[in-house]
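In our numbering, the protein residues as written are 95 to 334. Note that beta-carbon positions come from the ideal geometry of N, C-alpha and C, so glycine has one too. These notes are about the structure you will find just below.
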Amino acid sequence: MAKSRPRIGVTRWEDIPGERIEDYWERVEEAGGEAVDLRGVDISIASLNGLILTGGLDIDPKRYGEEPHERTKIAERARDEYEINLVRAALEADLPVLAICRGSQVLNVAMGGRLLQNIETSNHRADYKSDGYPSRWHSVRLEAGSRLRELYASDDIEVNSRHHQGVLPEMVASGLTAVAISPDGVVEATESTAHSWVTGVQWHPERTEAEHPHFLREQRALFAAFVGAAKMQPEPVASA
């Protein structure tokens, strides 16, 4: 079993307006973990107890056998390479993984799934408040028997999901199962059927969302469960 504060690797790459990497670190620390900044770090999975894949720009569609859509904004291809290799190593080691926004898409692609490059419906697109901070809210239905249904103790929750790419049910990778669906049929969360604790969410559970104070209270349960799973991992063999 890991020490009382498990080491949680948190990926990041480009700085994105309206996003705070500190939000991820703060949620990890609140839940009892030690956040490890993986920006520019070549790290061994053996030095971590858990992995968080964070938000960002689009994944290169060639990763799942397609040419780019005109609206696709490809991020650093080096980030795709780094994160896909990292999460595959984490999966092989059965390390707890929490994949958020782009991270949930990376998880799906890394396991052999595909992405819808442009969602036509508008309820997933970001609105921008007067302070320039992006926000978009809609409901998702949680599947009975899923980890998320148990954590949130509800069939439906409101989430701050904003993205122009996503996953449809038929695009979910083998080994993952869709556990949250939006009203227009977009997959908003997945869980692994082959690993101890692997969850991807399209929304941003790390955000404080001052105008929706109940949201962070609900999302702390997700981070608590993730860090709790990381605490069950063996002690890291080395530190980065």
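Practice problem: Measure from the alpha carbon of Ala283 to the alpha carbon of each residue in Pro307, Val200, Gly322 and Ile115, then state which is nearest. | Solution: Within the sequence shown, numbered from 1, the residue matching residue 283 stands at position 189. Considering only alpha carbons, the answer is Val200.
Exercise. Spatial neighbours of Arg106 within its chain, please: CB distance less than 6 Å, with the 5 preceding and 5 following residues excluded, ordered by chain position.
Key: By 1-based counting over the sequence shown, the position of residue 106 is 12. These residues qualify, in order along the chain: Ile115, Arg133 and Thr148.
Exercise. Use the C-beta contact count for Ser268: other C-beta atoms within 10 angstroms, 16 or more gives buried, fewer gives exposed.
Key: Stepping through the sequence shown from its first residue, residue 268 is reached at position 174. By the neighbour-count rule (16 or more Cβ atoms within 10 Å), Ser268 is not buried but exposed.
Quiz item: Since Ser240 sits in a beta bridge, which residues does DSSP pair it with?
Solution: Start at 1 with the first residue of the sequence shown, and residue 240 comes out as number 146. In DSSP, Ser240 forms no bridge with anything.
Practice problem: Report yes or no: do the region 125-141 and the region 297-308 share at least 3 C-beta pairs separated by less than 8 Å? | Solution: no
Quiz item: So what does Glu113 bridge to, in DSSP terms?
Solution: Numbered from 1 along the sequence shown, position 19 holds the residue referred to as residue 113. Note: Glu113 sits in no beta bridge, so no partner.
Exercise. Less than 8 Å between the CB atoms is what I'm expecting for His258 and Asn202, so what's the real figure, rounded?
Key: Taking the sequence shown and counting its residues from 1, the one referred to as residue 258 is at position 164. Taking the sequence shown and counting its residues from 1, the one referred to as residue 202 is at position 108. Not really, about 16 Å apart at Cβ, beyond 8 Å.
Practice problem: Output the distance between the C-alpha atoms of Thr293 and Arg173, rounded to the nearest integer angstrom. | Solution: To locate residue 293, count along the sequence shown from 1; it is residue 199. To locate residue 173, count along the sequence shown from 1; it is residue 79. Distance between the alpha carbons of Thr293 and Arg173: 20 Å.
Quiz item: Are there three or more Cβ pairs, one per stretch, closer than 8 Å when the region 185-195 is compared with the region 242-253?
Solution: no
Quiz item: Across which residues does DSSP place Val281 in a beta bridge pair?
Solution: Position 187 of the sequence shown, counting from 1, holds the residue named residue 281. Looking at the DSSP assignment, Val281 forms a beta bridge with Val261 and Ile275.
Practice problem: Under 6 Å Cβ to Cβ from Gln313, same chain only, skipping five residues before and after it: list those, please. | Solution: In the sequence shown, the residue the question calls residue 313 occupies position 219. Cβ within range, chain order: Pro299.
Quiz prompt | beta strand (DSSP E) segment containing Val292, residue limits | solution = The residue you call residue 292 lines up with position 198 of the sequence shown. Note, Val292: beta strand (DSSP E), Val292 to Val295.
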